[in-house]
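Undergrad: Quick one: the structure is below, questions incoming.
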Amino acid sequence: MDIMKLTAIELGKKIKSGEITCVEATKAYLERIEVLDKEINSFITVDSDGAIKQAEEVQAKIDSGELTGPLAGVPVAIKDNMCVSGMCTTCSSNILNNFVPTYTATAVEKLKDAGAVIIGKTNMDEFAMGSTTETSFYGVTKNPWNLEKVPGGSSGGSAAAVAAEEIPYALGSDTGGSIRQPAAFCGVTGIKPTYGRVSRYGLVAYGSSLDQIGPIAKDVADCAAVLDIICKYDDKDSTSYKDASEDFSSALIDDVKGMKIGIPRDYFAEGIDEEVKSSVLAAAEVLREKGAIVEEFDLGMVEYAIPAYYIIASAEASSNLERFDGVKYGYRTKEYRDLHNMYKKSRSEGFGAEVKRRIMLGSFVLSSGYYDAYYVKALKTKALIKKAFDDAFEKYDVILGPCAPTTAPKLGQSLTDPIKMYLGDIYTVSVNLAGIPGISLPCGYDKDGMPIGLQLLGQAFDEKTIIRAAYSYECTRNYVRPAYLEERGL
28 MDIMKLTAIE LGKKIKSGEI TCVEATKAYL ERIEVLDKEI NSFITVDSDG AIKQAEEVQA
88 KIDSGELTGP LAGVPVAIKD NMCVSGMCTT CSSNILNNFV PTYTATAVEK LKDAGAVIIG
148 KTNMDEFAMG STTETSFYGV TKNPWNLEKV PGGSSGGSAA AVAAEEIPYA LGSDTGGSIR
208 QPAAFCGVTG IKPTYGRVSR YGLVAYGSSL DQIGPIAKDV ADCAAVLDII CKYDDKDSTS
268 YKDASEDFSS ALIDDVKGMK IGIPRDYFAE GIDEEVKSSV LAAAEVLREK GAIVEEFDLG
328 MVEYAIPAYY IIASAEASSN LERFDGVKYG YRTKEYRDLH NMYKKSRSEG FGAEVKRRIM
388 LGSFVLSSGY YDAYYVKALK TKALIKKAFD DAFEKYDVIL GPCAPTTAPK LGQSLTDPIK
448 MYLGDIYTVS VNLAGIPGIS LPCGYDKDGM PIGLQLLGQA FDEKTIIRAA YSYECTRNYV
508 RPAYLEERGL
């Protein structure tokens, strides 16, 4: 039995039936990480001893009948901006290189309660600021489909780990596409739930009004199973939705007859690669053939999404990152004259270039002379973008489009032109501004064999409809492993 080729649900079934133990599965993934991760760099922290100990405890609970869920005993990786008690949580930044939290994020706690075995923490763009996982203090993560390409970001470590089969599934966070875009670049599936669906308690904040935790896995069923576990009301998070719990797996139905799907013309204007465009439209045609009603329409407000997003996200980041000053925890400069100098040097040495860029932008738009001109205007634009989606969902059940205008770029290509990198988020950021759910799944490959991602968007708190549409489309395709793994016989 090749454990690595199993989905998370398939592995959970085999553990429950006794074909394999939780400890054996955990050791197999730890060995896989040892073999592969020197090249890919998906992980920042791997807790081998802790994972095996967890696996032994979980196996005992499975044997006693205490744990019966579909993912009990299945290993998981956590993006390194979610706190896990006793495990270093760095946000891929030098400023938190020695931070070990005393509490665990609610979403992670829910997984542990369901019998998940936490293997380690995955690499990411520093403080989730980036689209390529190249801004990490711990080095770049590489795309398992082609080691010369980026895995996307900021949850690139989680997406690459799943694609390389170093882990069956992982948690990521999505502020402006950071689950969906790396899932698209790495040929896996990722869901950004509705804002408020998953507790943000224990998630180190980038943009508090935009951040949302979600799963990355091989297929839609695995993602739905994870949502079943982590979507719970949490009184420790003031933005948590009272009725967050739902049976998402019940939406895994291969039937889209009569479903109304809208395709925004704005998404297929200039800037999109022809191969991406044709693959996404071909996916729409598949759903049409399965009985969906597919129409083109004008969404509007698309050109305003990027500036509004980066103003709001940077403003919130500059506020959220104020707390990292070298006083109570994290990095502190070795030599300083006084308190003010210690703040300045600790932050200058602790933060990377992209984080500094966004802090400065955020501080600028929040300053007294520019607050109304930029920040308030961006908030008004955010409301208009939300209204544009609300109007669209009066006509359509699902909005279909690309996840990114291109496939994964080469390493180093994006960092030389930050504006171009920001523009690459054009199809994802508006989803966070509107607070609606989105799913990304593979729908084709470019001439170089790199994956292309299809994005399906739904109304707020209607994840089940996009899960159903995604599952129905997925039923027409087989999961494809990266050629890199096949070539190495892995």
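Residue numbering for the sequence shown follows the working numbering, starting at 28 and increasing by one per position. C-beta atoms are modelled at their ideal positions from N, C-alpha and C, and glycine is treated no differently. What you are looking at is a predicted structure, and each value in this text was computed from that prediction instead of being measured.
Taking 8 angstroms as the threshold (C-beta atoms), are residue 212 and residue 178 in contact?
TA: Yes, the pair counts as a contact, with Cβ atoms nearer than the cut-off.
Undergrad: Might you give, ordered along the chain, the residues of its own chain that have their beta carbon closer than 8 angstroms to the beta carbon of residue 131, omitting 5 neighbours on each side?
TA: 110, 111, 112, 139, 229, listed in sequence order.
Undergrad: Could you name the residues of the same chain whose beta carbon sits closer than 7 angstroms to that of residue 137, not counting the 5 residues immediately before and after it, in chain order?
TA: Closer than 7 angstroms at the Cβ level, and outside the excluded window around residue 137, lie 256, 257, 259.
Undergrad: Please list, in chain order, all residues of the same chain as residue 88 whose beta carbon is under 7 angstroms from its beta carbon, the five residues on each side excluded.
TA: Once the five neighbours on either side are set aside, the close Cβ partners of residue 88 are 94, 142.
Undergrad: When DSSP labels each residue in this structure, what does residue 173 get in the three-state scheme?
TA: Residue state, collapsed to three classes: strand.
Undergrad: How about residue 493 and residue 481: do their beta carbons lie closer than 8 angstroms?
TA: No, the Cβ-Cβ distance between residue 493 and residue 481 is not below 8 angstroms.
Undergrad: Which runs of the alpha helix (DSSP H) fall wholly inside the stretch 325-408 and span at least 4 residues, in chain order?
TA: Qualifying alpha helix (DSSP H) stretches, in chain order: 329-347, 366-377, 380-393.
Undergrad: So if DSSP puts residue 220 in a beta bridge, which residue, or which two residues, is it bridged to?
TA: DSSP output for residue 220 lists no bridge partner at all.
Undergrad: Under 8 angstroms Cβ to Cβ from residue 311, same chain only, skipping five residues before and after it: list those, please.
TA: Once the five neighbours on either side are set aside, the close Cβ partners of residue 311 are 288, 290, 321, 427.
Undergrad: If you count every other CB in all the chains shown that lies within 10 Å of the CB of residue 506, and 16 or more means buried, which is it?
TA: Exposed, because fewer than 16 other Cβ atoms sit within 10 Å of the Cβ of residue 506.
Undergrad: Just list the residues that DSSP pairs residue 482 with in beta bridges.
TA: Residue 482 is bridged to 428, 467.
Undergrad: How long is the line joining the alpha carbons of residue 502 and residue 245, rounded to whole angstroms?
TA: When rounded, the distance between both Cα atoms is 13 angstroms.
Undergrad: Beta-carbon within less than 6 angstroms of residue 461's beta-carbon, same chain only, minus the 5 sequence neighbours each way: which residues are those?
TA: Hits under 6 angstroms: 412, 413, 416.
Undergrad: Relative to the C-alpha of residue 250, which candidate in 349, 199, 295 has its C-alpha closest?
TA: Checked all of 349, 199, 295; the closest Cα to residue 250 is 199.
Undergrad: If you run the structure through DSSP and keep just helix, strand and coil, what is residue 299?
TA: In this structure, residue 299 counts as coil in the three-state DSSP scheme.
Undergrad: Here's a check: name, in chain order, each residue in its chain whose Cβ is nearer than 6 angstroms to the Cβ of residue 511, leaving out the five neighbours to either side.
TA: Excluding sequence neighbours, residue 511 sits near 171.
Undergrad: Would you report the Cα separation of residue 204 and residue 126, rounded to the nearest angstrom?
TA: Approximately 26 angstroms between the Cα atoms of the pair.
Undergrad: Output the boundary residues of the alpha helix (DSSP H) element that contains residue 185.
TA: Element bounds for residue 185: 183-190.
Undergrad: Which whole runs of the beta strand (DSSP E) in the stretch 48-123 are 3 residues long or more, in chain order?
TA: Listed in chain order, the complete beta strand (DSSP E) runs (minimum 3 residues) inside the stretch 48-123 are 70-73, 102-106.
Undergrad: Roughly how many angstroms separate the alpha carbons of residue 516 and residue 52, rounded to a whole number?
TA: Distance between the alpha carbons of residue 516 and residue 52 is about 19 angstroms.
Undergrad: Is it the case that the stretch 374-385 contacts the stretch 151-162, given that we only count it when at least three CB pairs across the two stretches are under 8 angstroms?
TA: Yes, the stretch 151-162 touches the stretch 374-385.
Undergrad: May I ask which residues mark the beginning and end of the alpha helix (DSSP H) holding residue 39?
TA: Taken as a continuous stretch (DSSP letters only), the alpha helix (DSSP H) holding residue 39 covers 35-44.
Undergrad: From what residue to what residue does the alpha helix (DSSP H) around residue 135 run?
TA: It spans 133-140 - the alpha helix (DSSP H) in which residue 135 sits, taken as one unbroken run.
Undergrad: Between the stretch 389-398 and the stretch 265-282, do at least 3 Cβ pairs fall closer than 8 angstroms?
TA: Contact fails: fewer than three Cβ-Cβ distances are below 8 angstroms.
Undergrad: Exposed or buried, which one is residue 186 when buried takes at least 16 other CB atoms within 10 Å?
TA: Buried, because 16 or more other Cβ atoms sit within 10 Å of the Cβ of residue 186.
Undergrad: To which residues of the same chain is residue 437 closer than 8 angstroms at the C-beta, ignoring the five residues directly before and after it?
TA: Correct list, in chain order: 175, 176, 177.
Undergrad: Step through the CB atoms of chain B and report whether any lies within less than 8 angstroms of the CB of residue 406.
TA: Reference to chain B is not applicable here, since this structure consists of a single protein chain.
Undergrad: To the nearest angstrom, report how far apart residue 78 and residue 56 are at their CA atoms.
TA: Computed Cα separation, rounded: 10 angstroms.
Undergrad: Using only alpha-carbon positions, find the residue among 207, 468, 218, 384 that is nearest to residue 307.
TA: The candidate whose alpha carbon is nearest that of residue 307 is 468.
Undergrad: Among the candidates 410, 183, 474, whose CA atom is the shortest distance from the CA of residue 518?
TA: Summary: the structure shown does not reach residue 518, with the chain confined to residues 28 through 517, and so no result is reported for it.
Undergrad: Considering residue 244, what are the terminal residues of the beta strand (DSSP E) in which it resides?
TA: From DSSP, the beta strand (DSSP E) with residue 244 extends over 240-244.
Undergrad: Taking the beta strand (DSSP E) that residue 446 belongs to, which residues open and close that run?
TA: Here residue 446 belongs to no beta strand (DSSP E); instead the alpha helix (DSSP H) covers 445-450.
Undergrad: Could you tell me which whole beta strand (DSSP E) segments of length 3 or greater appear in the stretch 249-304?
TA: With a minimum length of 3 residues, the continuous beta strand (DSSP E) runs that stay inside the stretch 249-304 are 287-291.
Undergrad: Report the option in 330, 356, 301, 408 whose CA atom is closest to the CA atom of residue 429.
TA: Here the closest residue by C-alpha is 301.
Undergrad: By the three-class DSSP mapping on this structure, what secondary structure does residue 437 have?
TA: DSSP places residue 437 in strand when its eight states are reduced to three.
Undergrad: Quick one: using the 10 Å Cβ neighbour count with 16 as the cut-off for buried, is residue 65 buried or exposed?
TA: Result: exposed.
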